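When we follow the numbering used here, the leftmost residue of the sequence shown carries the number 138, and every step to the right adds one. Glycine residues also receive a C-beta, built at the ideal position from the N, C-alpha and C atoms. For clarity, every value in this text was computed on a predicted model and none was experimentally measured. What follows is one structure encoded as structure tokens, with my remarks underneath.
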Amino acid sequence: MVVDTNVLLQDVLRTVRTGRPTCLQQLATLGAIRVFAADHVHEEVLEHLPRRADQLGLGTGAALDVWRGDYLPTISWVNVGGVPATNELLAQIAARDADDVGTATLALLLGTKALSEDNDLVAFEVATGLAWLGPLLAVRTQSSNEMLGMLSVELALAGIEGLAYALKQIDRRFGVALVLLLALGSIPFALRPTLAHKVDDRLQLGRKVTDITTGIWAFVESRVDEYSSASAIAEVLHLPRGELTLLQMAGRRLATSFEPIGAAALLDELGPSIELPSLESALTLSGAFVKTPQGWQLGRTAQS
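Structure (structure tokens):
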């Protein structure tokens with residue numbers, strides 16, 4: 138997802154005010170979504186966040202700590218200055234407000250509406266407007282169903298002997314954060330009475346896990362309609378496809394990968410009509426793509 142300054146400011150200040158992670162923060166931390174922003178957004182957040190926090194009586198230091206500790210590491214920052222303005226829409230946006238071009242360029246590169254309340258971006262239909270929270274809630278609903286379903290499958294297949302293996306599989310798919318939530322959440326409490334028995338009493342423990350996974354499956358099945366509805370809501374983020382440029386094809390593929398992709402592997406996915414030197418030259422000149430020892434990635438995090 139592409140985020141703009143106004144949404145990030147609101148989200149950070151809400152976290153500071155409530156002391157609880159927001160939907161955006163939860164999804165980004167768990168890896169349910171990838172968050173991208175143009176470089177200028179980072180500068181604007183640092184410019185406006187202290188003043189906004191002070192106006193709300195939240196404390197500048199607390200707001201900056203939340204920003205740097207909870208948000209900054211989860212966002213990939215993209216330098217869009219070298220991305221060719223092939224879409225005439227960008228010229229119209231620049232004529233209205235040049236500060237909006239960066240976010241609009243990134244949104245068009247990835248084919249997704251930006252989470253932004255900026256009136257100009259909304260007018261040109263490249264931003265969600267005030268309803269930006271809706272797609273996030275939809276993704277959270279969809280992701281929770283997927284993770285619960287996978288959890289049930291892993292536990293059911295692995296059984297008691299392979300419980301540690303099952304958790305490793307969940308970690309590999311969804312990250313250590315989910316495993317920690319599970320370890321600290323309801324499942325250990327449900328198992329705790331049984332775990333008080335002898336270690337070799339595996340039959341009783343197996344029945345307990347079977348009961349739990351059956352309950353999870355029932356929960357997932359009961360939310361099929363909600364899942365479908367969530368997918369429909371999330372669909373509003375998609376921009377019309379049209380004919381894609383080389384950078385758009387590469388950007389949309391790399392945006393869905395949590396790991397860098399080698400140029401040769403990326404070329405295989407983009408199609409036989411593209412030559413490797415042309416691909417690497419385009420990625421290098423754009424500035425939006427970063428070459429690492431493992432391959433190419435879109436943007437860079439604060440840690441890279």
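Under DSSP, residue 435 shares a beta bridge with 426. Counted as a single uninterrupted DSSP element, the beta strand (DSSP E) harbouring residue 172 occupies residues 172-175.
With respect to the 8 Å criterion, residue 230 and residue 241 are classified as neighbours on the basis of their beta carbons. Scanning the segment 177-233 for uninterrupted beta strand (DSSP E) segments of 3 residues or longer gives 212-215, listed from N- to C-terminal end.
In the three-state reduction of the DSSP assignment, residue 263 falls in the coil class.
Ranked by how close their Cα comes to the Cα of residue 219, the residues 438, 427, 432 and 167 have 427 in first place. Of the other Cβ atoms in all chains shown, fewer than 16 fall within 10 Å of the Cβ of residue 156; this residue is therefore exposed.
Residue 144: member of the alpha helix (DSSP H) spanning 142-155, first to last residue. Annotation: the continuous alpha helix (DSSP H) that includes residue 239 extends over 238-247. For the pair residue 185 and residue 225, the Cα-to-Cα distance works out to about 30 Å.
Out of 399, 407, 392 and 250, the CA that lies nearest to the CA of residue 430 is found in 399.
Residue 251 has 264 as its beta-bridge partners, per DSSP. Taking a cut-off of 8 Å on C-beta distances, the segment 247-254 does not touch the segment 193-212, as fewer than three cross pairs fall below it. A residue is called buried when at least 16 other Cβ atoms come within 10 angstroms of its Cβ; residue 223 does not meet this threshold and is exposed. Within the DSSP secondary-structure output, residue 139 pairs in a beta bridge with 173. Here residue 165 is buried. Its C-beta has 16 or more other C-beta atoms within 10 Å. Across the set 420, 396, 413 and 402, the C-alpha of 420 shows the shortest separation from the C-alpha of residue 385. Taking 8 Å as the cut-off, the beta carbon of residue 435 is found closer than this to the beta carbon of residue 173. Residue 406 has its alpha-carbon roughly 14 Å from the corresponding atom of residue 381.
Excluding five sequence positions before and after residue 268, none of the CB atoms of its chain fall closer than 6 Å to its own CB.
In its chain, beyond the 5 residues on either side, 239 have a beta carbon closer than 6 Å to the beta carbon of residue 177. In this chain, the alpha helix (DSSP H) harbouring residue 165 covers 160-167. With fewer than 16 neighbouring CB atoms inside 10 Å of its own CB, residue 205 falls in the exposed class. Following the DSSP letters along the chain, one finds residue 391 inside the alpha helix (DSSP H) bounded by residues 383-391. Within the same chain, and ignoring the five residues on either side of residue 154 in sequence, the residues whose Cβ sits closer than 8 Å to its Cβ are 193 and 195. Residue environment: residue 418 is assigned as exposed (fewer than 16 neighbouring CB atoms within 10 Å of its CB, all protein chains considered).
Sequence-distant Cβ neighbours of residue 160 in its own chain, meaning closer than 8 Å and more than five residues away, are 270, 273, 274 and 277. Nearest C-alpha to residue 180 among 138, 234 and 201: 201. In the DSSP assignment, residue 406 falls within the unbroken alpha helix (DSSP H) covering 400-407. Cβ contact annotation for residue 410 (same chain, cutoff 7 Å, sequence separation greater than five): none.
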